[in-house]
Structure formats: C-alpha cells, structure tokens
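Have a look at the structure below before the remarks.
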Amino acid sequence: MVSRRNFAAITMIMAIVLFLFQGLNLAKEKLNHYERNAYAAEKEELEDNSNVFGAEDTSGEVNVEGSRGKMVYIGNDMDSSVGAVVSEWCRYMKYEAVSYKSMSKYDKAMAKKGAVQPEMIVVNSESIDWTTLKDVMDLQDCVDEGIHVVFANLPDVSVIKKNQKLRELIGITEVREDSTTVKGLDLYDNLMLGGENIYQAEKKAEEKMQDLELTFPWFKLANGTKAYMKGFPEDETLKTQDYPVVIWRKNFETASVFVVNGDYMEDEVGLGLLTGMLYETRNYLIYPVVNAQNLVVQNFPSLAEENTNQMQEIYGNGTTGVNRDIIWPSIASIYEKNHFGLTCMTAPKLDYDNPAEPDGDQLNYYAKLINEEKGEMGLSGFTESETVLKEKLTEDQEFMKNNLSDFQFSSFYSGNLSEKEIQNALQQSILQNVRTVVTDQDTEGDLVGYLDKQTTRQKIVTEDTDQFTYRSWMKMKSIESALGYASVELDLNKVIYPKTENDRWEKIVKKFASNVGTYWQPFSGFDGTTVSDCDSRIRTFLNSRYEDEREDDTITLKTTGTEKTAYYVIRTHNESVEKVTGGTAEQLEDSAWLIRAEKSEVTITLGAADHRYYYEKGAKNK
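Going by my numbering, the residue at position 214 of the sequence shown is 356; the numbering climbs one at a time, nothing skipped.
Now the structure itself:
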C-alpha cells in the first residue's frame, strides 16, 4: 500500500513532468517562427556579381583580376564540350583561360614580347595536325619547358600506330588491340576524392547502371607512366598491370603528360579530372570549394487534393494524406540519417486545370515541420497541366497572401525553363525576394553562377537517384572533388501522378535512401546546406580570390574579395595538417582536409603523415 506521503510525492512528480512536457511543446510552438522565412534576405545586401572571377562585363572584357596563372586550351571552339569544361574549371580555380584553335596559333602568341607561359595546356586531339610531326614536336617542346599537357582525347588508333613521336610523348610502346571491350572500369583512389570506385555490374540488377564506354583501344604503356583508371578485361588470367588503361600520366623530368582514352573530359567528369591532374603535379594543392550538400525535394508538399482516385487505389489515402502520413516521415528519416541540408520546393497545386483548391492549413502545417527541421521551403515552378507560368504564379501569390502572408520565398525551382523565362518569372510578385534559382541538370551554363546582378543559379547535380547510373556516379564524384558541391533532387510529382509501377513511393524511396546513404557517404565531411545557405556560399566562392605560399612546413593562405568565411580543400602527398590559425581544418579522407578560412589570412602547418617512415633513426623530413 502506498502511503499518503508517497502518493502525494508521486502525484507532484507526475504533475511536474506533465508541466515540463507541455511547457516544452508550448515553447517549441512559440519559438517556431515559421510564418517568416528565416533564409530571406535583402538581395541588395548580398554579394552581387560585380567582382566575379572570369565573368564578362558589358564590353566583353573578362575579369581575371587576381588570376593564379594561365591555362591554355587547344581546340576549335571554347564553347564546345571540352572547351566549356576547361573554361568553367578555370573560373572556379581562378585561372585565366585562353583558347587557341591550333598549335601554330599558340606558338605565334607565345612568340610575342611579354607572353606569359601557361601552367597547363589541354589539347583536343581534333585540333592537332597529325599529317606532320610539327604539332607533336611543339607539344614536346612545351613539356621540355615545364608546361604540363593534358590530352583530353586521343586521335584515331591508326594515327597512334604511325606516329612514334606521339607514342613517346604520351607513353605508349605499342597498340595491343585497336579495340577491346572490358567488363567494367576501376577508378583508382589517387586522382579524385572519394576513394577507389569500381564501375562493374556484378549482379543482374546492376546492369542497368552501366552506361560508361566499355570499348576502346588497348595500349601497352612505357615505363614512367602511372595509371589512374583501368578496364577489367574479359581474360581474367591477365595481371592487373596488363589491364587496358583509360587514364594515365607520362612523367618527364620537366613536366607531365596526362592522357584520357575516352570521352570523360566532355562533361562534368572533366572538372574532377583536371583538379586531380593539377594535384598530381604538385607537392600540395589548395583550392576553393563551395562546401554545400543540398537535398532538394521537388513538388513537395503539394497542397491540393488532386488525383485522389489513383492515390486511394494505390495507398488507400487521399493526396494530402499520402503526403502527410507516407511521404513526409520517409523524407524526414532520410534527411536525419544523412549529411544533406533540406529544401522542400512546395507546389500549391500540380494540376491547375483541376478544380481542387490548395489547403491553407496544410501549408501552415508543413511550414512548421520544415522549419523545425531547420529546412527551407521554396517554391516549385512545375505544373502537371499546361498552365502558363505567369498564371500559375499569380494563383500561388493569391494563395500565399490568404494563408501565409508574411512568408517570402528566397528560392525557386525553375526546372528546365529557359533563362528568359526565368527572368520573366522573377518579375512576378511572389518571386520578388528570390535570391537563388535551382535549375535542372541538363540546362545550359555553369554548375553554379549568377543569373543576374543579384540572383544566383545552382544546378541539380543528380536527378532520379532511384535510376542512378555509373556515369552519374562518376559525375557526382568529380563535382564533389572539384567543388565540394552536391544538389540531389527527389521529385514527388511522379509519385502523385504515377505513370508506371516504378513511380510508386515505396519503390522510389527505398532506392533513393540506399543510393544517398551509399554513394554520397565519402563526402559527408562537407556541410549540409539549404538552397539559400548554399546561395551565400556560392557568392563567396565566385567573388573571392586567394593566394598561397609555402615556407618550410607552413602554408600561408590569403583570401580577398569577401568578408565571409571561405572554404578550401587542401590535398597533400604523405603530409598531414597539424595546426591551423585563422580558421579550422577537418579531415575529409587520407591526404585531404577541408579548411574553413574564417580570417583573411590563414596559416596551415604540415607534418609528416607517417612519422615512422619520415623520422626513422631521427632523420628529419625536409
């Protein structure tokens, strides 16, 4: 039997616990200022595009103030696939990009008084005259002068067979086979971040992921070469050193020649390859990154009760119920288990021909939930119907005015709209405070940049991760290596308006969660950000300039052009970051660290990575 005293004590404790729980819930509700967008800002107070490195002004002049040097592209068109990659990479790395249509034009330019020698030349083999030896000898002269050369692709195998000087330059002793087909590819761990990756379908279910080029010439390489990617031959008795090589380097005493036996320099993969190649030519490399990992949930939440019959048939619930009870718990779980920041691009309606009206209570409900998760709510520009965008935005504006009038969208998902259509959309009242626009993966332009003086653009890196392929994996790895940037899209429109069995949520979310938790895990050292957080970092990344200088074991890093924290990756060879002043360092993986430059001048002290090797018998590493 419980005594009166104990009963009173128990009752009091229960009352206190109840009060605390209720108080916490009330405080949580009171402090959740979801009615205002925490990421909204006056665009005029943000860094504009007036000092962006590599940008053209109205007269066509390119801003290369604070350039770290010069990179040269030999090719017919700087706007072509390879040329565009080189140009974009130079803008990010703060190098002046110069293009020449041929080696002869490059030679004439270098012969002029005061010409500055480039650090690296990227060659499109289509622009080389293979009928004579002159271009090859000129490239050899460049190497002898200490200029690194990158063959972004190779000429036809018949040219290589006939041209001994070319074979000597690129490190080929013989052509083993004009064409061979491999089972998969092995990208080694010493070129880009993220460790070793094997792109080979081991299971039947993985075969649909294989979209890389598996047929290419098979070369036997000379001594003094280093392989970065090889193919797995059909003949399993071959030794690894005899495997067909896809990417390699030929070392000379003065410089290096890199060779890409395929089309990997024609898209975003080239960004990571060029960064890795530059790293391989130096005893250390430090370079700026965005440091932003975004999960963009497109068309969520949708707030109208539409396509209800199909939703009832599949899930036994209406559209709003599917969003609330099935989709949101899964999204919240994925977000909490991974390192991405969360941005939900809401769709008041998907089908504007449907008479169903969006629910204001649902809008407030999700605004609270997203804000509690420190996520961001942006606006989707997508429509399932053929409604004119201006009409859609007008309806959305009226809906927001009636239900969440003080909320200002700072981010907008434009999908595949043209730049002109985006600019017209930004003139609408509902988007007047938008600071950044998210575009589809296949839209033209750089991965990150400015749309206009005050508004930035950031591309989706990976769409449809439920249909992830080896090529998209390699692209993602490259972009992470070069920029520390990821923007992963999960589109909920196809769940609400499914076309096939594969559009069912249970199938999409299982694959999506698995892919995000697997392929992006090596890059969890980068920060998770919302789209607007990412916008701030993009502005800093594009506007900043940097210098680094090493004396003994100390690197001095100086940042100009911004007062915000700037982010860098430093990669070393057999050295580790021991101390940082003026910022912090976090190890990403072996020989790679993320530097947060909190002050304009940062000092980084390096030490030997393996003391047993470098300090054996008291010998000091120098």
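Ideal Cβ positions, reconstructed from N, Cα and C, are used throughout, including at glycine.
Spatial neighbours of residue i in its chain, beta-carbon cut-off 6 angstroms, leaving aside the 5 residues before and after
{"i": "residue 686", "result": "701, 703, 704, 708"}
{"i": "residue 241", "result": "215, 220"}
{"i": "residue 502", "result": "545"}
{"i": "residue 625", "result": "431, 432"}
{"i": "residue 401", "result": "293, 312, 390"}
{"i": "residue 442", "result": "486, 634"}
{"i": "residue 538", "result": "490, 572"}
{"i": "residue 421", "result": "427, 713"}
{"i": "residue 286", "result": "396"}
{"i": "residue 243", "result": "218"}
Beta carbon of residue i nearer than 8 angstroms to that of residue j
{"i": "residue 368", "j": "residue 386", "result": "no"}
{"i": "residue 613", "j": "residue 677", "result": "no"}
{"i": "residue 375", "j": "residue 317", "result": "no"}
{"i": "residue 224", "j": "residue 217", "result": "yes"}
{"i": "residue 748", "j": "residue 728", "result": "no"}
{"i": "residue 348", "j": "residue 405", "result": "no"}
{"i": "residue 334", "j": "residue 202", "result": "no"}
{"i": "residue 638", "j": "residue 428", "result": "no"}
{"i": "residue 541", "j": "residue 179", "result": "no"}
{"i": "residue 195", "j": "residue 208", "result": "yes"}
{"i": "residue 454", "j": "residue 460", "result": "yes"}
{"i": "residue 328", "j": "residue 314", "result": "no"}
{"i": "residue 739", "j": "residue 711", "result": "no"}
{"i": "residue 456", "j": "residue 646", "result": "yes"}
{"i": "residue 525", "j": "residue 494", "result": "yes"}
Proximal residues to residue i (C-beta, below 7 angstroms), its chain only, five neighbours per side dropped
{"i": "residue 284", "result": "263, 291"}
{"i": "residue 191", "result": "197, 592, 595"}
{"i": "residue 523", "result": "531, 554, 555, 556, 557, 559, 567"}
{"i": "residue 849", "result": "There is no way to answer for residue 849, as the model of the chain reaches only from 143 to 764."}
{"i": "residue 667", "result": "728, 730, 736"}
Nearest-angstrom Cα separation, counted from residue j out to residue i
{"i": "residue 325", "j": "residue 390", "result": "19 angstroms"}
{"i": "residue 627", "j": "residue 674", "result": "14 angstroms"}
{"i": "residue 680", "j": "residue 600", "result": "8 angstroms"}
{"i": "residue 684", "j": "residue 232", "result": "11 angstroms"}
{"i": "residue 761", "j": "residue 695", "result": "Residue confidence for residue 761 is low, a pLDDT of 34 falling below 50, so the modelled location carries little weight; the figure read from the coordinates is stated next. Cα to Cα, residue 761 sits roughly 16 angstroms from residue 695."}
{"i": "residue 463", "j": "residue 446", "result": "11 angstroms"}
{"i": "residue 605", "j": "residue 437", "result": "11 angstroms"}
{"i": "residue 670", "j": "residue 579", "result": "18 angstroms"}
{"i": "residue 448", "j": "residue 561", "result": "30 angstroms"}
{"i": "residue 500", "j": "residue 509", "result": "14 angstroms"}
{"i": "residue 644", "j": "residue 507", "result": "29 angstroms"}
{"i": "residue 630", "j": "residue 597", "result": "21 angstroms"}
{"i": "residue 458", "j": "residue 411", "result": "44 angstroms"}
{"i": "residue 301", "j": "residue 361", "result": "13 angstroms"}
{"i": "residue 466", "j": "residue 336", "result": "36 angstroms"}
{"i": "residue 366", "j": "residue 392", "result": "6 angstroms"}
{"i": "residue 230", "j": "residue 297", "result": "24 angstroms"}
{"i": "residue 620", "j": "residue 415", "result": "7 angstroms"}
{"i": "residue 274", "j": "residue 267", "result": "14 angstroms"}
{"i": "residue 482", "j": "residue 472", "result": "15 angstroms"}
{"i": "residue 534", "j": "residue 551", "result": "15 angstroms"}
{"i": "residue 363", "j": "residue 408", "result": "24 angstroms"}
{"i": "residue 660", "j": "residue 642", "result": "26 angstroms"}
{"i": "residue 746", "j": "residue 699", "result": "8 angstroms"}
{"i": "residue 636", "j": "residue 440", "result": "10 angstroms"}
{"i": "residue 569", "j": "residue 588", "result": "23 angstroms"}
Residue environment, residue i, which counts as buried when at least 16 other CB atoms sit within 10 Å
{"i": "residue 253", "result": "exposed"}
{"i": "residue 487", "result": "buried"}
{"i": "residue 154", "result": "exposed"}
{"i": "residue 380", "result": "exposed"}
{"i": "residue 186", "result": "exposed"}
{"i": "residue 357", "result": "exposed"}
{"i": "residue 251", "result": "exposed"}
{"i": "residue 424", "result": "exposed"}
{"i": "residue 725", "result": "buried"}
{"i": "residue 260", "result": "buried"}
{"i": "residue 723", "result": "exposed"}
{"i": "residue 444", "result": "buried"}
{"i": "residue 480", "result": "buried"}
Sequence-distant residues of its chain with Cβ nearer than 8 angstroms to residue i (five each side left out)
{"i": "residue 611", "result": "350, 351, 352, 353"}
{"i": "residue 512", "result": "176, 484, 486, 518, 519"}
{"i": "residue 205", "result": "193, 194, 195, 196, 197, 198, 199"}
C-beta neighbour in chain D for residue i, strict 8 angstroms
{"i": "residue 480", "result": "Absent from the structure: chain D. Only one protein chain is present."}
Check your understanding: Per the contact definition of three or more C-beta pairs closer than 8 angstroms, is the region 300–311 in contact with the region 265–280?
Key -> yes
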